[in-house]
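2 protein chains.
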Amino acid sequence: MAHGGKLRPMKGIRQLAEHLDISIGTVSRALNGKPDVNEETRKRVLAAAEQLGYVANQSGRSLRQGTTNVIGLMIQSSRETVENSDNFFLTVTGGLQSVFSRHNLDLIMLPCPHDEDPYEYLKRMVARRIADAMIISETQRVDKRFDLLAKAKIPFAALGRSLSGAQHAWADLDFAGVANAAVDRLVAHGHRRIAISAPASDINLGFIFVEGYRRALERHGIPYDPALVLRAKSSEQGGYQVGDELLELQDRPTAVILIYELMAIGFYRRVMEAGIIPGRDIAVVSFREAPRAKFLQPALTCFRTSVHDLGVELAEILLSSMPAYSQEYPRKTRQTVWPLELIPGESDAFHLTTER
Amino acid sequence: MAHGGKLRPMKGIRQLAEHLDISIGTVSRALNGKPDVNEETRKRVLAAAEQLGYVANQSGRSLRQGTTNVIGLMIQSSRETVENSDNFFLTVTGGLQSVFSRHNLDLIMLPCPHDEDPYEYLKRMVARRIADAMIISETQRVDKRFDLLAKAKIPFAALGRSLSGAQHAWADLDFAGVANAAVDRLVAHGHRRIAISAPASDINLGFIFVEGYRRALERHGIPYDPALVLRAKSSEQGGYQVGDELLELQDRPTAVILIYELMAIGFYRRVMEAGIIPGRDIAVVSFREAPRAKFLQPALTCFRTSVHDLGVELAEILLSSMPAYSQEYPRKTRQTVWPLELIPGESDAFHLTTER
DNA sequence: ACGCGCTCCGTAAACGTTTACGATACTATG
DNA sequence: CATAGTATCGTAAACGTTTACGGAGCGCGT
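Going down the list, the protein sequences come from chains A and B.
For the first sequence, our numbering begins at 106 and goes up steadily by one.
For the second sequence, our numbering begins at 106 and goes up steadily by one.
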C-alpha cells in the first residue's frame with residue numbers, strides 16, 4: 106500500500122516482497138506454510154498476495170524444486186480400436202480430481218495425436234517433465250510404456266492391466282468377472298451356445314474378456330469354439346457387424362455377450378432387420394457405463410459400476426506410489442480389479458426350452 | 106564419446122555440452138535452429154542429443170523465454186447441462202492437434218472439476234502460465250472468462266459463441282442454421298406445430314438454437330409458442346423427458362426438433378411406449394455428431410458435420426491471434442459459424458395430410 | 001601491413017522460485 | 001552480566017535454459 110498502485114498485474118514474488126518491505130525469502134516461506142516465519146507477518150503476506158492476485162510462477166517453482174504439482178493422464182484421442190471413449194474418460198477424470206484436488210495437484214489430460222506413436226508421445230512428455238506422475242490408459246497386452254515409465258523412475262499407474270505391467274500399479278474393470286458372470290447367467294437360463302464380442306486381443310481388454318469367457322465355459326463343460334468370438338469395434342457400427350456375423354454362423358448361437366453398450370444399438374438394429382427379437386429369440390448381455398442402455402427396447406441386461414469411484418481408486422493407487430504422499434495412502438496392494446454389478450433387463454429374460 | 110558413459114539419463118544441456126567439448130551456448134543455438142553455428146557442429150550436436158536422449162527441460166525454457174509451447178483446452182469434466190460430451194471433445198482435439206503439431210505445439214486438456222467454479226479454475230491456470238494460449242469451451246451466454254483472458258492478454262479462442270465474446274475469436278456450430286433449416290423442412294412437409302428441445306438459455310447454445318427456431322417460425326408466419334420449447338438435458342434421459350412433456354401438451358405438436366442425437370434414443374422409447382411411431386405419427390429431426398443415429402429405427406433425419414474439421418478451423422483461428430504465428434495464418438475474420446449438412450432419414454419422411 | 005567484415009563460438013546474465021545458511025534481536029538461565 | 005537458546009528474518013546460491021554481447025580467427029581488398 107505504501108508504494109502506490111495496487112492492481113496492476115503482479116510480476117513476481119519480488120514485487121510482492123518490496124511491496125511489503127519484507128525479504129523475498131520470508132515471503133516465499135510465508136506462502137508455502139514453512140516454519141520460521143512470524144504468524145502475523147504470514148497473515149500480512151497472504152492478504153497481500155490475495156489482494157494483488159499473486160500466484161507463484163510455475164516454471165520458476167518447477168525449475169527450483171523439480172516438481173510440477175501436476176498429474177498427467179495420457180489418452181489416445183481417437184484410436185480405431187477404441188471408439189467407446191464417450192464420457193468414460195471424463196467420468197474417470199472426475200474421480201481422479203476429487204482426490205488430487207485435496208493435495209493441490211492439478212490433473213491435465215495428454216491426448217496423443219492419432220498420427221503419433223503413443224510410446225514416442227509419452228517419451229516426449231516424460232522428458233519434458235510436464236508432470237510429476239503419469240496415468241496411462243488403454244493398455245495393450247504388451248505395452249512398452251510400462252518399461253519406459255519404470256526406467257524413467259517416474260511414479261505412474263495404469264487404467265487397465267497389461268502383461269508388461271503385472272507388478273506395477275493399476276486399476277482395471279473386472280471384465281473377466283463380467284464375462285464369467287454373464288456366462289453363468291446365460292447357462293442357468295439354458296443356453297449352451299454363447300457368442301462373445303471383443304476388441305482385438307492385443308488390446309489387453311480384449312484378451313481378458315475372452316479369457317474369462319473361455320474359463321467360464323470350461324467350468325460348465327462347454328467346449329470353447331473360436332468361431333463364436335467376434336472381434337469388432339466397440340461402437341454401434343461394431344454391434345451391427347456382430348449381428349451380421351452372428352446371423353451367418355451355422356448352428357446359430359442363442360445368446361451373445363457384448364463388451365460395450367453402444368454395440369447393443371447396432372446389434373438390435375441388425376437382428377431386428379432379420380426378424381429376430383432380443384429377449385425372445387436371442388439373449389443379449391453387455392457392459393454399460395452410462396445410463397443409456399435402459400432406453401433400448403427391450404431393456405438391455407448389463408453390468409454396471411461407478412466409473413467415478415474407479416477414478417478415485419486409481420488416484421489413491423497412484424498417490425500411494427508417490428514418495429511425497431505414500432504415507433497418507435498406505436496400501437498393501439497397488440493392483441485393483443474393480444467389480445461390476447449386474448442390472449437385470451429384459452434382453453435375456455427368457456429360458457431356453459429344450460426343443461428350441 | 107570421449108568422456109565415457111553414454112546411456113545414463115541426461116541431466117541437462119550442460120552435460121551434453123561437455124560431452125561434446127562445446128560451450129553450452131552453442132549447443133542451445135544448435136538445437137534451436139538459431140544462426141551463428143557451423144552447420145557441421147550442428148549436426149554433431151543433434152546427433153549427440155538424439156543418441157543421449159536429451160530433451161530440453163521445459164521449466165527452464167519456460168522460465169527464460171516466458172513461453173511454454175503448450176496450448177490449453179479447458180473443458181468442464183461433467184456438468185449437468187452437458188452430458189453429450191461423447192467423443193465430441195476428443196474429435197475436436199484431433200483436429201486441433203493436426204494443426205498444432207505442425208508447429209511443435211502440444212495440446213493439453215484442462216478439465217475443470219465439477220466442484221470448482223470454471224472462472225476460478227481458469228484464473229488459476231492462467232496465473233500459473235501453464236500454457237501460451239487457451240481454448241475455452243461450453244461457453245455461456247454471458248461468460249466472464251472472456252474478460253479474464255482478454256485482461257490477462259493471453260491469446261485465446263472459444264469453442265462456442267457468447268455475448269461476452271462477440272468481438273473475440275471463436276468458432277461455433279451453426280445451430281441457428283440447423284434450427285432454421287429444420288423448420289423450413291418441416292413446414293414444407295406440412296407441419297405448423299413444431300416443438301423444439303434445448304438446454305437452458307444461459308448456455309449460449311440453448312439460446313441460439315431457440316432463437317433460430319423462433320425466427321424461422323416468424324418467417325413462415327407461424328406464431329411462436331413458448332410452451333413448445335422443452336428445456337432438457339442433452340442425453341437419452343433428456344430425450345425421454347422431452348417425449349414425456351410433449352405427450353402432455355394440448356394440441357400436440359406434429360414435429361419435434363431435438364438438439365442432440367442421443368436424445369432421440371430416449372425420445373423414441375418414450376413415444377413408442379405411447380404407441381406413437383416416429384416418421385409416421387410424429388416427425389423428428391436432430392443434430393448428430395457420431396455415426397450413431399442411423400442405427401435407430403426408423404432412421405433419424407439429422408444434421409451432421411465434420412467435428413474434426415471444426416477443430417482445424419478453431420486451431421487456425423487461435424494461431425492467427427498469436428503474435429508468433431499470425432503471419433502464417435492471416436485471416437480477415439476470426440469468427441466462424443460452422444455449417445452443417447442435412448442427412449435425410451425416415452424419421453420425418455411423411456407429409457402431413459390436411460385432415461390429420 | 002592494415003583494416004574491415006564475416007563466421008563461429010564462449011561468457012555471463014537473466015528468468016522466478018525455493019531453501020540452506022548465517023545474522024540479528026530477544027528471552028531465559030546460570 | 002554472560003551465555004545459550006529461540007524466534008524471526010535476510011542473503012545468496014541454485015535449478016536449466018536462452019540470448020545479448022564480445023572475442024577469436026580468417027579472408028580479402030586496399
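Note that CB positions come from ideal geometry on N, CA and C, so glycine has one too.
Between L363/A and S340/A, how many whole angstroms is the CB-CB distance? I'm expecting something under 8 Å. Between L363/A and S340/A a beta carbon distance of about 11 Å is seen, past the 8 Å cut, so the two are scored as non-contacting.
By the DSSP assignment, the beta strand (DSSP E) with F392/B in it spans what residues? Per DSSP, the unbroken beta strand (DSSP E) holding F392/B starts and ends at 388-392.
Measure the C-alpha to C-alpha separation of A161/A and D141/B and round it to an integer number of angstroms. 36 Å
Measuring only between beta-carbons, confirm whether Y345/B sits less than 8 Å from chain A. yes
From the DSSP output, in three-state form, read off I327/B for me. Per DSSP, reduced to three states, the secondary structure at I327/B is coil, with no helix or strand assignment.
Between M368/A and chain B, is the shortest Cβ-Cβ distance under 8 Å, so that the two count as touching? no
Find out if the Cβ-Cβ distance for the pair H413/A, G200/A is shorter than 8 Å. Yes, the pair counts as a contact, with Cβ atoms nearer than the cut-off.
If you drop the 5 nearest sequence neighbours on each side, which residues of the same chain put their C-beta closer than 7 Å to that of A122/B? S128, I129, V132
Any Cβ of chain A within less than 8 Å of the Cβ of Q156/B? no
From S167/B to R234/B, what does the alpha carbon distance come to, in whole angstroms? 9 Å
Whole-angstrom Cβ separation of D307/A and Q245/A, contact assumed at under 8 Å? 6 Å
Specify the secondary structure class of E188/A as computed by DSSP and reduced to three states. For E188/A, the pLDDT reaches just 45, beneath the cut-off of 50, and the residue's location in the model is therefore unreliable, although a value from the coordinates is still provided. Collapsing the DSSP output to three states places E188/A in coil.
Given A303/A as reference, the closest of M239/A, F392/A, V292/A once Cα atoms are compared: F392/A
By the criterion of Cβ-Cβ separation under 7 Å, what are the contact partners of P223/B in chain A? None at all; the shortest Cβ gap to chain A is about 13 Å.
Can you find a C-beta in chain A that's less than 8 Å from the C-beta of E52/B? As displayed, chain B neither begins before 106 nor continues past 461, which places residue 52/B out of reach and without an answer.
Spatial neighbours of L125/B in its chain, beta-carbon cut-off 6 Å, leaving aside the 5 residues before and after: A153
Check whether the Cβ of S206/A lies closer than 8 Å to any Cβ atom in chain B. yes
For L50/A and I370/A, what's the separation of their Cα atoms in angstroms? Any question about residue 50/A goes unanswered here, given that chain A covers just 106 to 461.
Interface residues of chain A around M214/B at Cβ under 7 Å? I213, M214, P216
Test: V417/A CB closer than 8 Å to a CB of chain B: V417/A does not count as touching chain B.
In chain order, what residues of the same chain have a beta carbon less than 8 Å from the beta carbon of E421/A, not counting five sequence neighbours either side? V204, Y434, R436
Taking 6 Å as the limit between beta carbons, can you name the residues of its chain near D220/A, skipping five residues before and five after? none
Could you round the C-beta distance between F455/A and R409/A to whole angstroms and report it? I think they count as a contact, below 8 Å. Wrong, their Cβ atoms sit about 21 Å apart, outside the cutoff.
In chain order, what residues of the segment 374-394 of chain A put their CB closer than 8 Å to some CB of chain B? R374, M377
Using the rule of at least 16 other Cβ atoms within 10 Å of the residue's Cβ for burial, across every protein chain shown, is L268/A buried or exposed? Result: exposed.
So with Cβ pairs under 8 Å, would you call R409/B a contact of chain A? no
C-alpha distance - H294/B paired with R357/B, whole-angstrom precision: 17 Å
Looking at T359/B: is its Cβ nearer than 8 Å to the Cβ of P216/A? no
Residues of its chain near F400/B, where Cβ-Cβ distance is below 7 Å and the 5 sequence neighbours each way are ignored: Within the same chain, F400/B has no close Cβ partners at all.
My parser needs the beta strand (DSSP E) runs of 3 or more residues fully inside the segment 246-319 of chain A; what are they? 261-264, 275-278, 299-303
Taking the continuous beta strand (DSSP E) assigned at L212/A, which residues delimit it? 211-217
Could one say the Cβ of L447/A lies closer than 8 Å to chain B's Cβ atoms, at least one of them? Not closer than 8 Å to any Cβ of chain B, the Cβ of L447/A fails to qualify, so no.
If you run the structure through DSSP and keep just helix, strand and coil, what is A153/A? Helix.
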